[in-house]
Structure formats: C-alpha cells, structure tokens
Amino acid sequence: MKTPAYDVAIIGNAALGLSTAYQLNKADKNLKIGVIGPADRPFSATTTAGAMINVWAEIGYDHFGFPALSDKVELGLRAFDMWDPLCAELSEFSEKPLKVVWGTYVVNNARSSGLETKTLDYIVKVMQSGKIPHKDFITDPIPWFNPQYGSQATRIVHMPDGRIDARLVLAAYDRALAAKGVVPIRSRAVKVDLDITQAQTQGKGSAKITLASGEAVEAKHVVFANGSFAQELIDQIPAIRMHTPRLLWGAGAAVDLTFPEWIQKGGGLDKRIFDMDQVLRTVDRGGSCGVHMVPQGGGAYYLGASSGVWFDPEWAPRLHGIHFLLHAAMQEINPAFFYANMTIRGPGFRPTTADCFPLLGESHIKGVWFANGTKRDGFTCSPFLATELALGILGKRHRLPYRFRPSRPLLSYKNKALAVEDSLNAAMGGEYQHGLSLPAYALEPYQASKRAKIQEIYDKRKLNDFGIHPEITHIYENDDTFAAIDLPREM
Ligand SMILES: Cc1cc2nc3c(=O)[nH]c(=O)nc-3n(C[C@H](O)[C@H](O)[C@H](O)COP(=O)(O)OP(=O)(O)OC[C@H]3O[C@@H](n4cnc5c(N)ncnc54)[C@H](O)[C@@H]3O)c2cc1C
630 MKTPAYDVAI
640 IGNAALGLST
650 AYQLNKADKN
660 LKIGVIGPAD
670 RPFSATTTAG
680 AMINVWAEIG
690 YDHFGFPALS
700 DKVELGLRAF
710 DMWDPLCAEL
720 SEFSEKPLKV
730 VWGTYVVNNA
740 RSSGLETKTL
750 DYIVKVMQSG
760 KIPHKDFITD
770 PIPWFNPQYG
780 SQATRIVHMP
790 DGRIDARLVL
800 AAYDRALAAK
810 GVVPIRSRAV
820 KVDLDITQAQ
830 TQGKGSAKIT
840 LASGEAVEAK
850 HVVFANGSFA
860 QELIDQIPAI
870 RMHTPRLLWG
880 AGAAVDLTFP
890 EWIQKGGGLD
900 KRIFDMDQVL
910 RTVDRGGSCG
920 VHMVPQGGGA
930 YYLGASSGVW
940 FDPEWAPRLH
950 GIHFLLHAAM
960 QEINPAFFYA
970 NMTIRGPGFR
980 PTTADCFPLL
990 GESHIKGVWF
1000 ANGTKRDGFT
1010 CSPFLATELA
1020 LGILGKRHRL
1030 PYRFRPSRPL
1040 LSYKNKALAV
1050 EDSLNAAMGG
1060 EYQHGLSLPA
1070 YALEPYQASK
1080 RAKIQEIYDK
1090 RKLNDFGIHP
1100 EITHIYENDD
1110 TFAAIDLPRE
1120 M
C-alpha cells in the first residue's frame, strides 16, 4: 500500500492542531495538510476548558517586569482582538453562530492570599496605564453574586475577558476543514521517524508518522500539536528530546452544573442565579487558575478548575480537586448551587513544560514544529499562535517569540528570590483554599518552615541564578523527576 504524502502533518486535533490547519489552509489553499487525532479527543485540554478568553485576569504579579513572562502575556494580548473576526468566519460552519460573550468579573475575597490582592492591584494598574476599559468596585452589588460569611468580596473588577464554548469552536473548525478538503486522519500517531540527515544537509524536513491503525503517513513538515501526549513521541526521538523542555501533565478537571426542573420552575435558594450572564472568577490562586463560574446559558454553568502538574498522567480527577470547587461554588459565589446537579468534566491535561513556558515554532531540526506547552491559556492564544506558525511553516516571517523556540534552555521564572516567595505564596493560597486555618501565633513559623523547605530544594539542585516556576517546585524536589527534566538552564 502506498504511504500518503503531505506537505504538513499535524499531530493533534484540538485547539492548536485545528487552528494551525485552518490558518495554513487559509494562507495556501494548495497545501496538502493531514490532521491526525482521534474523533473523541480523550483527555484533551481544550474540551475540558471553560473556555475563558482570558488575558487580563491571567496576568500575574509583576509579569511585565520579566521578559519571558511578559512575552507570554503578549501572546494572549495579540490573540484577543482576533476572536471576533474568527468567530464571524467560523460561524458559517457552526450549528449556531459563534460569539464570544465579553466581560468578566474578577474577585478578591476574604479567602484570598496577600499575593492575590497584590495581583489584582497590579492587573488594574496595567489596565489603567493601557487605557483598557474596566470597572473597579465593591459597593455596587452584582445581583446574582452572593458570597457567604467568611468569603465576602473585598474587591471586584470588571474587565474585558470573555468566554465561548470550546467544543463548538472545535466542531466549527472540523466542518470548515472538511469543507476545504482537509481530511482528518482519525487515528493516533504512535511513532515519528525523522529523516534527520536530509533535514540537516538539504535543509528540508521529512517525517514518517506511524499510526495506531498500523498505517503510516509521510510529510515534509510535522507539527507536534497533541499537547502533553507529544512527549510519548518525543521520547522516541533522542535528537529532539535532549534539546526540548519536557512536557508534563497539567491535570485539570471541572464540574458542569445544571438545576433540576423544580428549581428552574419555582426557584430554590436564590432565583437570581439564573440571571448570571458573565464569568465570575478569582485571580490565579495557589497555583491554579482560580475558581471560575462560567455561565453557559439556559441554566447551565461550568465550574472550574482543579490544577496540578504531574510527571505522569492520572486518568481520574482527585477528590480534593473537586471538593474545593464544590465548596467554593456554594461559599464564594452563591449558595443557590447547593441544589445544582453535577457531572465531572475531565481530567484534561494542560500541556505544561518543564519551565511552564510554551514551545512554539520550528525546532533545531528542520521541518519539525511545535504548537505546544500552552498550559493554561492556549485556547485564548490559539488564533495568534496558529496564524504565526502557519507563516513560519510557509517560510515567511513570523512573530512567535524566539525565546519560546522548542529547542532551548529552560527559562527562569522571575529570579530565585522572587520565585521562592511566589512558591511560598502559591502553597499558602492552595492550603487556604483547602481549609487551612492557623492561630495567629503559628502563621509565621509555619511559613518559615515552608520557605526553608523550598530553599532546600534550591540548595539540593544548586540553583543560584534561576527561579523555578511555583507550580513545578515538587518536580525539582524528587530525584527521578528532576533527572528527567534537567536540561541546561538560561543564564
Ligand atoms: C481544566 C482546564 C481549564 C482550562 N481553561 C482554559 C481557559 O479558560 N482558557 C484558555 O485559554 N485555556 C484554558 N485551558 C488551557 C487550554 O485548554 C490549553 O492550553 C489548550 O486547549 C491546549 O490545546 P492543545 O490543542 O494543545 O491540546 P489538547 O486540547 O490537549 O489537544 C490535544 C489533541 O491531541 C490529540 N492527541 C493526543 N495524542 C495524540 C496522538 N498520539 N496522535 C494524534 N493525536 C493525539 C488529543 O486527542 C487531542 O485532541 C484549560 C485547560 C484545562 C485542562
């Protein structure tokens, strides 16, 4: 049987894979593009996501003070204005018109850590200096927002971030690509063989991709857009593995909520909950993307999301990850959720690298591309990343930051001193969310012992000029996981 040949084979068929195929086809209708991935997309981050188009609420404290963090924010900023025109284009292929519902309430409350308070203050200052419309208030109550004793809001900022149903977007991409003759290859890639000699000596790539179905495809360019799962393929290619920050599993699960018929008719604890029209969320808390309630319309809600970065995947959510969400919905948002019916969504795996920065563009081996490592905001950034990646693959100038090239050293999170403090704050934020309560006299020694433990990890790994991203400090602590992710670090 003849092996089909493509100009570009994209491994992965969710936000990054499909958007890249779509933009490539838009840029050059004659390209032969193959998109590989199973129809049901098991454990996909995209289908588990809220999916907030979140740029402003995701800015972390002092992120514009550090080039790598600042470049990461810029990816979202550049994608932000692309969403309305993209939705207009894709609506033709959607069962209902695609539209981002803009507007998000970001809340600090009595359960927020000091870092969260500082972060929201920072976000507001950034929006003020960029003249971004927002509203900063606490006195003007939101009718459907009713936090309970101990979780009262201390600040609410309404900002331009939005939301859309990611599953509808994927379905529209699927239909659009089919209409344009880009046929999906409904299988999983199990092996990628690269003709490295040809790539290096003749400057052109060549890859053979073996599928779970037993068939194979060949392509001039191959794109790893299959999230954390790409690592299984990269592990088989030492030439890539040794130069690319490892992909970890950013596990996240969420809860879909609806209300039983009798509440829809008669109302339960607080009927105003049916008027909720925009996202309400906390800022990032304890290394996770905050608690967010994303209204879906028709009395349905998405409650997200748990977050933990693991070296190996866990195929079911953890009890504590769901427990804190359910508690937060009733305690921090509205007790009306007491009567909600729930199903668990996920886990999905946020593609998270060993420095938590993305892998974007061509690797040091010609023809091998990455659209990966987007972690918590890859859906938001996807229109920009896909457009730029398509330009790169077509040999044109693109605006993907060089520092996020796939073959690179590990990038520092801020600097060591600040990373240690942020790790401590993230740990405290997480523990408060899980119910930590300390008598006043015990707080300082508790924090001191946690800080010392983090410091010990830095000492053990002899890290003096490098900051570990707070969400992966535990990966550095364990000898085996550290050995597996250890690459040269940027100086
Ligand atoms: C709980 C949760 C909430 C999130 N919330 C948001 C949010 O509100 N806003 C936002 O912007 N981002 C959010 N994210 C992050 C966002 O979902 C990701 O950054 C982005 O969707 C990643 O897309 P992807 O296409 O790279 O990966 P994925 O969505 O994981 O897709 C990978 C695809 O590759 C396929 N695949 C896997 N292995 C193979 C193989 N061997 N061969 C072929 N195909 C394969 C899979 O089936 C899947 O379809 C969230 C993530 C999670 C988990």
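Residue numbers (this note's numbering): 630 to 1120. Built from N, CA and C at the ideal position, the CB exists for glycine as well.
Is ALA782 helix, strand or coil when you go by DSSP?
Stepping through the sequence shown from its first residue, residue 782 is reached at position 153. Note: ALA782 maps to strand in three-state DSSP.
Opposite GLY791 in the DSSP bridges: which residues?
Numbered from its first residue, the sequence shown carries residue 791 at position 162. Partner(s): ILE682 and TRP731.
Taking just the CA atoms, how far does ALA1055 sit from ALA934?
Looking up residue 934 in the sequence shown gives position 305. Looking up residue 1055 in the sequence shown gives position 426. The straight-line gap from Cα to Cα measures roughly 16 Å.
Rounded to whole angstroms, what's the CA-CA distance from ASN659 to ALA1019? Just pull it up for me.
Locating residue 659 in the sequence shown gives position 30, where the first residue counts as 1. Locating residue 1019 in the sequence shown gives position 390, where the first residue counts as 1. Spanning the two alpha carbons is a distance of roughly 13 Å.
Give a single yes or no on whether ASN937 has its beta carbon closer than 7 Å to a heavy atom of ligand 1.
Numbered from 1 along the sequence shown, position 308 holds the residue referred to as residue 937. Correcting the residue identity first, residue 937 is Gly in this sequence and not Asn. Not under cutoff, so the answer is no.
Skipping 5 residues on each side, what residues in its chain have a beta carbon closer than 6 Å to that of PRO1035?
Position 406 of the sequence shown, counted from the start, is the residue given in the question as residue 1035. Closer than 6 Å at the Cβ level, and outside the excluded window around PRO1035, lie THR873, LEU988, SER992 and PHE999.
Short of 7 Å in beta carbon distance, which residues of its chain neighbour PHE1124, apart from the five on each side in sequence? Order them along the chain.
Absent from the model: residue 1124. The displayed extent of the chain is 630 to 1120, so no value can be given.
Would you identify the three-state DSSP class for PHE858, choosing helix, strand or coil?
For the purposes of this step, residue 858 is taken as residue 229 along the sequence shown, with counting starting at 1. PHE858 falls in the helix class under three-state DSSP.
For VAL846 versus TYR635, is the C-beta distance shorter than 8 Å?
Reading the sequence shown from its first residue, position 217 is the one you call residue 846. Reading the sequence shown from its first residue, position 6 is the one you call residue 635. Yes, the pair counts as a contact, with Cβ atoms nearer than the cut-off.
With distance defined between alpha-carbon atoms, name the residue in ILE682, VAL938, GLY666 and VAL821 nearest to GLN907.
Taking the sequence shown and counting its residues from 1, one reaches residue 907 at position 278. Looking at the Cα atoms, ILE682 is the closest of the given residues.
In this structure, does DSSP put ASP885 in helix, strand or coil?
Looking up residue 885 in the sequence shown gives position 256. The answer is strand: DSSP assigns ASP885 an E or B state.
Return the CA-CA distance between ASP790 and PRO714, expressed in angstroms with no decimal places.
Counting from one through the sequence shown, the residue named residue 790 turns up at place 161. Counting from one through the sequence shown, the residue named residue 714 turns up at place 85. ASP790 and PRO714: Cα-Cα distance of roughly 16 Å.
Comparing the CB of CYS716 with every heavy atom of ligand 1, is any distance shorter than 7 Å?
Here residue 716 corresponds to residue number 87 of the sequence shown, with the count starting at 1. No.
Is VAL812 helix, strand or coil by DSSP?
Here residue 812 is taken as the residue at index 183 of the sequence shown, counted from 1. DSSP places VAL812 in coil when its eight states are reduced to three.
Report the residue ranges of all alpha helix (DSSP H) runs contained in full by the region 979 to 1036; include only those spanning at least 4 residues, in chain order.
1007 to 1022
Take the Cβ of ASP769 as the centre, count every other Cβ of all protein chains shown within 10 Å, and call the residue buried at 16 or more, exposed below.
Here residue 769 corresponds to residue number 140 of the sequence shown, with the count starting at 1. Burial call: exposed.
Please indicate yes or no: does the CB of ILE866 lie closer than 7 Å to some heavy atom of ligand 1?
For the purposes of this step, residue 866 is taken as residue 237 along the sequence shown, with counting starting at 1. Checking the Cβ of ILE866 against ligand 1 gives no.
Nearest to GLY743 by CA position, among TYR1087, GLY1058, LYS1091 and ARG792, is which residue?
The residue labelled residue 743 in the question sits at position 114 within the sequence shown. Comparing Cα positions, the closest option is GLY1058.
Please name the residue in GLY759, SER720, GLY779 and SER723 whose C-alpha comes closest to that of GLU961.
Here the question's residue 961 lines up with position 332 in the sequence shown. Ranking the options by Cα distance to GLU961, first place goes to GLY779.
Could you tell me whether the Cβ atoms of PRO633 and ARG817 are closer together than 8 Å?
Here the question's residue 633 lines up with position 4 in the sequence shown. Here the question's residue 817 lines up with position 188 in the sequence shown. Going by C-beta atoms, PRO633 is not nearer than 8 Å to ARG817.
What beta strand (DSSP E) runs, 3 residues minimum, are completely inside the region 706 to 773?
730 to 738 and 764 to 766
Straight-line gap, LEU727 to HIS949 (C-alpha atoms, nearest Å)
Translated into positions along the sequence shown, residue 727 becomes position 98. Translated into positions along the sequence shown, residue 949 becomes position 320. The alpha-carbon atoms of LEU727 and HIS949 are separated by roughly 34 Å.
Using CA atoms only, rank isn't needed, just tell me which of GLU861, ILE892 and ASN737 is closest to ASN970.
The residue you call residue 970 lines up with position 341 of the sequence shown. Cα-wise, what sits closest to ASN970 is ILE892.
At a threshold of 7 Å, does ASP1006 count as lining ligand 1 (C-beta to nearest heavy atom)?
Residue mapping note: residue 1006 aligns to position 377 of the sequence shown, counting from 1. Yes.
On the DSSP letters alone, give me the boundaries of the beta strand (DSSP E) that GLN777 sits inside.
Mapped onto the sequence shown, residue 777 falls at position 148. Where GLN777 is concerned, there is no enclosing beta strand (DSSP E), given that its DSSP letter is neither H nor E.
Span separating the alpha-carbon of GLU1050 from that of ASP1115:
Translated into positions along the sequence shown, residue 1050 becomes position 421. Translated into positions along the sequence shown, residue 1115 becomes position 486. Whole-angstrom Cα-Cα distance: 22 Å.
Nearest-angstrom beta carbon gap, LEU1092 and LYS1045 [assumed within contact, 8 Å]:
Taking the first residue of the sequence shown as 1, we reach residue 1045 at position 416. Taking the first residue of the sequence shown as 1, we reach residue 1092 at position 463. Confirmed, about 6 Å.
Measuring only the C-alpha atoms, how far is PRO1038 from VAL920?
In the sequence shown, the residue the question calls residue 1038 occupies position 409. In the sequence shown, the residue the question calls residue 920 occupies position 291. Straight-line Cα distance between these residues: approximately 33 Å.
Considering only C-alpha positions, which residue in the set ALA958, THR746, ALA678 and ASN642 is nearest to ALA801?
By one-based count along the sequence shown, residue 801 stands at place 172. Ranking ALA958, THR746, ALA678 and ASN642 by Cα distance to ALA801 puts ASN642 first.
Which listed residue (TYR1075, GLU1119 and ALA1048) has its alpha carbon closest to that of GLU1100:
Counting from 1 along the sequence shown, the entry for residue 1100 is found at position 471. The shortest Cα separation from GLU1100 among TYR1075, GLU1119 and ALA1048 belongs to ALA1048.
Span of the beta strand (DSSP E) around PRO924
The sequence position of residue 924 within the sequence shown is 295, counting from 1. Run containing PRO924: 921 to 926, per the beta strand (DSSP E) assignment.
Excluding the 5 residues flanking GLU943 on each side, which residues of the same chain have their C-beta closer than 8 Å to its C-beta?
Here residue 943 corresponds to residue number 314 of the sequence shown, with the count starting at 1. Excluding positions up to five away in sequence, the list reads TRP878, ALA880 and PRO976.
Can you name the start and end residues of the alpha helix (DSSP H) that PHE695 belongs to?
Here residue 695 corresponds to residue number 66 of the sequence shown, with the count starting at 1. Run containing PHE695: none; DSSP gives neither H nor E here.
By the 10 Å Cβ neighbour count, where 16 or more other Cβ atoms means buried, how is LEU1072 classified, buried or exposed?
Translated into the one-based positions of the sequence shown, residue 1072 becomes position 443. Result: exposed.
The region 793 to 808 in contact with the region 751 to 760 per 3-pair CB rule at 8 Å
no
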